[in-house]
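Below: the structure, in structure tokens.
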């Protein structure tokens, strides 16, 4: 079992981080869209936001570990067949995805702690409210949170479509590398 990345493929830990974050982001996006439709007397009205916050904090921990792992075990280099445009656009897209995810988590924190109360994470620990009481903090952070979430989801869809383009049209190993293989 190859845990570290190699020049030809991603290691198992990078693959785990990638797919865990992807599934969590889409799950959180769906949960977020659903929970804002709940009425006050719905049984999930209070439970869904607590779940959303707890998963968000856990996602932050995973993202921090992912960044550390990326530093310890750098990703494989771009394929030689990539054009300059492809290399630059892929680097920009990856950077925007990382920045977008951290910004979503930060704005979620601002929404959740605007009332000065800590975030209780599954009853395991609390994240203190260090930034609160700034007027319309929850509303402004909520608007930014929503737009960032849409941006990350759309950018990640473009990311997935680019991988499919590499697989189906260019017939290279880009997609295979993210599936833990080195060749078609």
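In the working numbering, the protein residues as written are 1 to 184.
All residues carry an ideal CB built from backbone N, CA and C; glycine is no exception.
Query raised in the report: Which runs of the beta strand (DSSP E), 3 residues or longer, sit entirely within the stretch 61–129?
Result: Here the runs fully enclosed are 119–121, 125–127.
Report task. Identify whether residue 9 lies in helix, strand or coil by the three-state DSSP scheme. Result -> Numbered from its first residue, the chain shown carries residue 9 at position 9. Coil at residue 9, not helix or strand.
Report task. Would you mind giving the Cβ-Cβ distance between residue 56 and residue 108, rounded to the nearest angstrom? I have them listed as a contact below 8 Å. Result -> In the chain shown, the residue the question calls residue 56 occupies position 56. In the chain shown, the residue the question calls residue 108 occupies position 108. Residue 56 to residue 108, Cβ: 5 Å. Contact.
Query raised in the report: I think residue 21 touches residue 62, with their Cβ atoms under 8 Å apart; what is that distance to the nearest whole Å?
Result: Walking along the chain shown from the start, residue 21 turns up at place 21. Walking along the chain shown from the start, residue 62 turns up at place 62. Between residue 21 and residue 62, the beta carbon gap of about 6 Å places them in contact (Cβ cut-off 8 Å).
**Report entry** Reduced DSSP category for residue 177 - H, G, I as helix; E, B as strand; rest coil
**Finding:** As a working note, residue 177 is residue 177 in the chain shown. The answer is helix: DSSP assigns residue 177 an H, G or I state.
Requested in this report: Put residue 160 into one of helix, strand or coil per three-state DSSP.
Outcome: Walking along the chain shown from the start, residue 160 turns up at place 160. Reduced to three states, the DSSP call for residue 160 is helix.
Query raised in the report: Cα separation between residue 134 and residue 120?
Result: Against the chain shown, residue 134 aligns to sequence position 134. Against the chain shown, residue 120 aligns to sequence position 120. Approximately 21 Å, taken between the alpha carbons.
Query - Under the three-state DSSP convention, the category residue 134 falls into - result: On the chain shown, residue 134 is found 134 positions in, with the first residue counted as 1. Coil at residue 134, not helix or strand.
**Report entry** Distance between residue 118 and residue 127 (C-alpha atoms, nearest Å)
**Finding:** As a working note, residue 127 is residue 127 in the chain shown. As a working note, residue 118 is residue 118 in the chain shown. Roughly 5 Å between the two C-alpha positions.
Requested in this report: Determine the direct distance from the alpha carbon of residue 13 to that of residue 1, and round the result to whole angstroms.
Outcome: Residue numbering aside, residue 1 sits at position 1 when the chain shown is read from its first letter. Residue numbering aside, residue 13 sits at position 13 when the chain shown is read from its first letter. Inter-residue distance for residue 1 and residue 13 is about 10 Å (C-alpha atoms, whole angstroms).
Requested in this report: Let me know the secondary structure DSSP gives residue 47 once reduced to three states.
Outcome: Residue 47 sits at position 47 when you count from the first residue of the chain shown. Looking at residue 47 - three-state DSSP - the assignment turns out to be helix.
Query - Minimum C-alpha distance to residue 158 - residue among 84, 4, 33, 89 - result: Numbered from 1 along the chain shown, position 158 holds the residue referred to as residue 158. Closest by alpha carbon: 89.
Report task. Go ahead and pull the three-state DSSP assignment for residue 24. Result -> Locating residue 24 in the chain shown gives position 24, counting from the first residue. For residue 24, the secondary structure class from DSSP, reduced to helix, strand or coil, is helix.
Requested in this report: Could you tell me the distance, in whole angstroms, from the CA atom of residue 43 to the CA atom of residue 50?
Outcome: As a first step, residue 43 must be located in the chain shown, where it is residue number 43. As a first step, residue 50 must be located in the chain shown, where it is residue number 50. Each residue's Cα considered, the two are about 12 Å apart.
Query raised in the report: For residue 4, which residues from the same chain have a beta carbon less than 7 Å from its beta carbon, with the 5 sequence-adjacent residues on both sides left out?
Result: Translated into positions along the chain shown, residue 4 becomes position 4. Excluding residues within five positions, the ones whose Cβ falls inside 7 Å are 11, 73.
Query raised in the report: In whole angstroms, what is the alpha-carbon distance linking residue 93 and residue 100?
Result: Residue numbering aside, residue 93 sits at position 93 when the chain shown is read from its first letter. Residue numbering aside, residue 100 sits at position 100 when the chain shown is read from its first letter. So the alpha carbons of these two residues sit roughly 10 Å apart.
Query raised in the report: How big is the Cα-Cα spacing for residue 60 and residue 161?
Result: Walking along the chain shown from the start, residue 60 turns up at place 60. Walking along the chain shown from the start, residue 161 turns up at place 161. Going by the C-alpha atoms only, they are around 26 Å apart.
Query raised in the report: Considering only residues of the same chain and omitting the five flanking positions on each side of residue 19, which have a CB-CB separation below 8 Å?
Result: Here residue 19 is taken as the residue at index 19 of the chain shown, counted from 1. Cβ within range, chain order: n/a, list empty.
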